[in-house]
Amino acid sequence: MRPEAIQIIKDEHLAISAVLYSLRYLVRAMKKGEKPNFPLLRAILDYIVSYPDRWHHPKEDKYLFAAVKRRTSEADGLIAKLEREHALGYPMMEDLKKQLVAFQAGDETAREAFFKTAEHYAELEWEHLRTEEDVFMPIAERVLTPADWAEIAEAFRENDNPLFGIKPKEEAETLYQRILSLAPPPMGFGAEAGR
Ligand SMILES: [Fe+2]
Ligand SMILES: [Fe+2]
56 MRPEAIQIIK DEHLAISAVL YSLRYLVRAM KKGEKPNFPL LRAILDYIVS YPDRWHHPKE
116 DKYLFAAVKR RTSEADGLIA KLEREHALGY PMMEDLKKQL VAFQAGDETA REAFFKTAEH
176 YAELEWEHLR TEEDVFMPIA ERVLTPADWA EIAEAFREND NPLFGIKPKE EAETLYQRIL
236 SLAPPPMGFG AEAGR
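Okay, here's the thing in structure tokens:
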């Protein structure tokens, strides 16, 4: 049977991809002259900072990558690359948040910088998610034991754990629903499509 952790991670990747898609869609539309939807852009950045950056990537570093490193050294180079990409993404989000504020205040240079960083970020993250699923996961599936997978699933399920009053997945879901509610229909991003 396929480990539950893989399904959880793939589901999270799917949600992250949908948000990246909407970010890139909006940037391209604005480049063609569409009026910026600042609340939607803000909601997208909030989502990325609150969920993938705070919960998804750190859990991969701490549990998934660590478990594979314990079982084999064959993926060391790949893991180092994936960890570097996580680290690269965090300051890019900080840049994007600052650029968005300046863009909204009417700064032309910040507008261009925001477009460039957003497209670069979306590309980088997509490539990253694909590498994790296509290259890293098959190695993990081969070397990890059912006990390893159970530990990883438990760590990822914690994202849902109301213990200590935190419910990151619920918070992420709320932010996600906000993105959907703000997104205009041409994005093909209706409430149904987001489920
Ligand atoms: Fe990752
Ligand atoms: Fe990931």
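Residues 56 to 250 in my numbering are what the sequence shown lists, from first letter to last. Every residue, glycine too, gets a C-beta built ideally from N, C-alpha and C.
Separation of residue j from residue i, as counted between CA atoms
{"i": "Leu96", "j": "Glu226", "result": "17 Å"}
{"i": "Lys124", "j": "Tyr106", "result": "25 Å"}
{"i": "Ser236", "j": "Ala73", "result": "14 Å"}
{"i": "Gln232", "j": "His68", "result": "16 Å"}
{"i": "Ala210", "j": "Lys87", "result": "43 Å"}
{"i": "Arg83", "j": "Arg166", "result": "12 Å"}
{"i": "Lys90", "j": "Gln159", "result": "11 Å"}
{"i": "Ala70", "j": "Gly161", "result": "31 Å"}
{"i": "Leu199", "j": "Arg126", "result": "7 Å"}
{"i": "Val156", "j": "Thr186", "result": "32 Å"}
{"i": "Glu129", "j": "Arg197", "result": "12 Å"}
{"i": "Trp181", "j": "Phe169", "result": "18 Å"}
{"i": "Met56", "j": "Gln62", "result": "11 Å"}
{"i": "Met192", "j": "Ala205", "result": "15 Å"}
{"i": "Leu218", "j": "Lys224", "result": "With a pLDDT of 47 at Leu218, under the threshold of 50, the predicted position of this residue should be treated as unreliable, and no value is reported."}
{"i": "Trp33", "j": "Glu188", "result": "One cannot answer for residue 33 here, as it falls past the ends of the chain, which runs 56 to 250."}
For residue i, the three-state DSSP class (helix, strand or coil)
{"i": "Thr127", "result": "coil"}
{"i": "Lys136", "result": "helix"}
{"i": "Arg57", "result": "coil"}
{"i": "Glu89", "result": "coil"}
{"i": "Ser236", "result": "helix"}
{"i": "Gly144", "result": "helix"}
{"i": "Leu119", "result": "helix"}
{"i": "Leu199", "result": "coil"}
{"i": "Tyr231", "result": "helix"}
{"i": "Asp66", "result": "helix"}
{"i": "Asp162", "result": "coil"}
{"i": "Tyr106", "result": "coil"}
Proximal residues to residue i (C-beta, below 6 Å), its chain only, five neighbours per side dropped
{"i": "His183", "result": "Glu140"}
{"i": "Ala195", "result": "Val123"}
{"i": "Gly249", "result": "Residue placement at Gly249 cannot be trusted, given a pLDDT of 41 that sits under 50; what the coordinates show is reported in the next sentence. Around Gly249: Leu235."}
{"i": "Ile64", "result": "none"}
{"i": "Lys58", "result": "For the sequence presented, residue 58 should be read as Pro rather than Lys. Excluding positions up to five away in sequence, the list reads Trp204."}
Cβ-based neighbour list, residue i, same chain, cut-off 8 Å, excluding 5 preceding and 5 following
{"i": "Val104", "result": "Met148, Lys152"}
{"i": "Leu230", "result": "Ala98, Asp101, Tyr102, Ser105, Tyr106"}
{"i": "Thr172", "result": "Met147, Asp150, Leu151, Gln154"}
{"i": "Asp116", "result": "Glu138, His141"}
{"i": "Pro201", "result": "Pro58"}
Same chain, Cβ closer than 7 Å to residue i, neighbours up to 5 away in sequence not counted
{"i": "Ile207", "result": "Ala60, Tyr118, Leu119, Ala122"}
The stretch 87-103 / the stretch 126-141 touching (three or more Cβ pairs under 8 Å): Contact between the stretch 87-103 and the stretch 126-141 is not established, with fewer than three Cβ pairs separated by less than 8 Å.
contact_flag[the stretch 173-191, the stretch 76-89] where n(CB pairs < 8 Å) is 3 or more: They touch, by the three-pair rule.
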